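Numbering (full-length UniProt numbering), first residue to last: 1 to 784.
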């Protein structure tokens, strides 16, 4: 690396922040204050200023300090232990770090294998673990190239794919996007029980740089003709446990129903459940009533009862070990993979209508302005008065009761909604982050295909349940903190200053100035969102604000919840489907003296921190699997619509091209940069845009566009589009979307049969905004 040289005789000035970041990114070895000072010729007293500057950059979250010295935040160290997972279309190896603690998915490393490795040990191949020296691409953060130093372990890679039979044996079509186009040959006799079209797992037996690798079918997983095949792909790709061991089933079957012993009898209280119409397990029941205390005029009492899973799943049991392994339930359009067996989740712990069930309940008293005055926890036996759907409850309040809700309207539902009106005042005063990003839901046909994609209406009934659950979660955290009990918090840190700087650059491009001073609060973002609410920039800015947020995780250390604007927050309301909530239940049982099945006395904050890391990883795994399954279903749905045109919005901008989200289905597809036109387009990360060098034409995140579907890879869940819209003119702020009047848009370098299609595009998870982000509007997350 070239040393920075200052003009002779001039006192060296401190390098800029950008120069320091570039130097750290480009340095192949350890970087610290000493190396930076040497590179920029800083001596004597100027080193004090350098130290202060480095501390400011570190506090801003742009760099991190570790054993290997300084590195860019979220960056890889100079040498990493990595697993070689696939090849690109040019035959180059692709690796990922064996351990990754950064946000989102681990970065990919394009591995160059040195030629003439005589005496250097075995050549690396798929499935191997190796020490790799990496170098960051200074023009594209998050991209790395690497060179193998040493192969640590020769492993046989397992690949999931579709078996295609032939006279010479067969071939495997990998289902992962990163492996698209790289088939595996199956010699005669190595196909096992696989039949043409089956989903199989394959071990790579022989790997070569050129030509197809050879493999052996290890297991037949199912057939693509089955209605649950698509979710089965995600389960195997992400190694999600989905078959309960017999010991776990036996333990669940042997469980005896909880009794009134040691519990309060709440069976006469008008608690009811409000859930989606297709819900099979009901883990929360609610009620609201006016507070009769004359010292609390206009106040209300809100009660939330949660299924008492801790009564059946004891610490250290087979049920407990399996629940921790799974971490959470996983939800696909065609199935649910539960954290607990159905005997527990759908029967004993489901708060069924008119059936006695054990619960852990919190009774909260609020003043007329929505401020909580006090709360108390109770271990009870309850009996749900009714099982209602969101729309059903809302219709009753809106004047359209049915046979079930009519008798409940005056005595149960109206007091419930009146209590929510009080809690809304407290919520509005608190000011949580108010992102407006509607979620789509995929509805399937009886055969398992996509029927249609809808955006469910957001009702007051949804918001009521969400706010009740939030308040119950806060109460749980407060009680455990007061008892000095270890617990697992749900934490959502404030955005890093580096992300705020990038957000400021984006806002500046549309004429909005981000304040440089003042406390960072959700209200700041809400003012920004409100200012663009009725403009063309609304969706774009909502997406960018979401991307600026930190990732919500589980931790024994309290960092607060920035998005909800809460100082303390713990998940308590869904122990059927989240292990974190089960831990909080056990902690409450121990802290309140509710029984001997609480959190063991020897559980430390350190152990809970490890559990928090494990279940946070399981949550990210589940979200990726759910997202990819929807991608595959929609890609299959669109496979017979190749050539059709669609309206959409640019949802991601990368160096390789654009991601476009279709309006009708919410599907994301890729537009390779090589197909945009005759100009050379440069990725400007700060603007979230691709900008033409010659014309200045640009395509930016949030722009409205028209596209033509060119290719749909159903098994991989990948779509490739051709852009039909012009970009923004140089210096213009108008939205893209103006169509060419005559014929298709001119192309340059359009991929032909032998050129890369999906293989050169980065994994979509790296470009999607919502992966792993915490927003108060997510249904399953917002219920607790």
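C-beta: ideal position from N, C-alpha, C; glycine also. This structure is a prediction, so every number in the text was calculated from the model and none was measured.
Rounded to the nearest whole angstrom, the CA to CA distance from residue 213 to residue 204 is 7 Å.
Distance check between residue 612 and each of 700, 490 and 540 places 490 closest, using alpha-carbon atoms only. Within the same chain, and ignoring the five residues on either side of residue 341 in sequence, the residues whose Cβ sits closer than 8 Å to its Cβ are 244, 248, 249, 252 and 319.
Under a 10 Å Cβ-count criterion, residue 520 is classified as exposed, with fewer than 16 other Cβ atoms of the shown protein chains found around its own Cβ.
In the three-state reduction of the DSSP assignment, residue 145 falls in the strand class, which pools E and B. Considering only 273, 266 and 288, the residue with the shortest C-alpha distance to residue 388 is 273. For the pair residue 365 and residue 278, the CB atoms are not nearer than the 7 Å cut-off. When C-alpha distances from residue 148 are compared across 78, 185 and 196, the shortest belongs to 78.
In the DSSP assignment, residue 94 falls within the unbroken beta strand (DSSP E) covering 93-97. Using a 10 angstroms sphere on the CB of residue 48, the tally of other CB atoms stays under 16, which defines it as exposed.
Annotation for residue 218: the continuous beta strand (DSSP E) segment containing it runs 214-223.
Nearest to residue 418 by C-alpha distance, out of 368, 564 and 568, is 368.
Taken through DSSP and simplified to helix, strand or coil, residue 500 comes out as helix. Residue 420: member of the alpha helix (DSSP H) spanning 414-430, first to last residue.
Following the DSSP letters along the chain, one finds residue 531 inside the alpha helix (DSSP H) bounded by residues 522-531. With contacts defined as CB atoms closer than 7 Å, residue 435 and residue 546 qualify as a contacting pair. Looking at the DSSP output, residue 111 shares a beta bridge with 93 and 146.
Note that the region 399-413 does not touch the region 465-482; fewer than 3 beta-carbon pairs, one per stretch, sit closer than 8 Å. By a beta-carbon distance limit of 8 Å, residue 332 does not contact residue 201. Their separation comes to about 19 Å. Straight across, the Cα-Cα distance linking residue 390 with residue 457 is about 10 Å.
Between the region 295-313 and the region 349-363 there are three or more C-beta pairs closer than 8 Å, enough to call the two in contact. For residue 606, the uninterrupted alpha helix (DSSP H) run begins and ends at 605-638, by DSSP. Between residue 669 and residue 608, the C-beta spacing is not below 7 Å. With contacts defined by Cβ atoms closer than 7 Å, residue 595 and residue 523 do not form a contacting pair. Closest in C-alpha terms to residue 80, from the list 593, 151, 681 and 13, comes 151.
The C-alpha of residue 630 is placed about 41 Å away from the C-alpha of residue 267.
Pairing residue 588 with residue 566, the inter-Cα distance amounts to about 20 Å.
When C-alpha distances from residue 336 are compared across 234, 495, 134 and 708, the shortest belongs to 234. Linking residue 168 to residue 191 through their CA atoms gives a straight-line distance of about 11 Å. In the three-state DSSP reduction, residue 729 falls in the coil class, being neither helix nor strand. In the pairwise beta carbon analysis, the region 480-495 is classified as not touching the region 509-516: fewer than three pairs are separated by under 8 Å. In the structure shown, the three-state DSSP call for residue 559 is coil. Counting only residues of its own chain and dropping the five nearest sequence neighbours on each side, residue 194 has a CB closer than 6 Å to the CB of 163, 200, 217 and 220. Bridge partners of residue 333 according to DSSP: none are assigned. Counting along the chain, the unbroken alpha helix (DSSP H) around residue 462 starts and ends at 460-482. DSSP, read as helix, strand or coil, puts residue 236 in helix.
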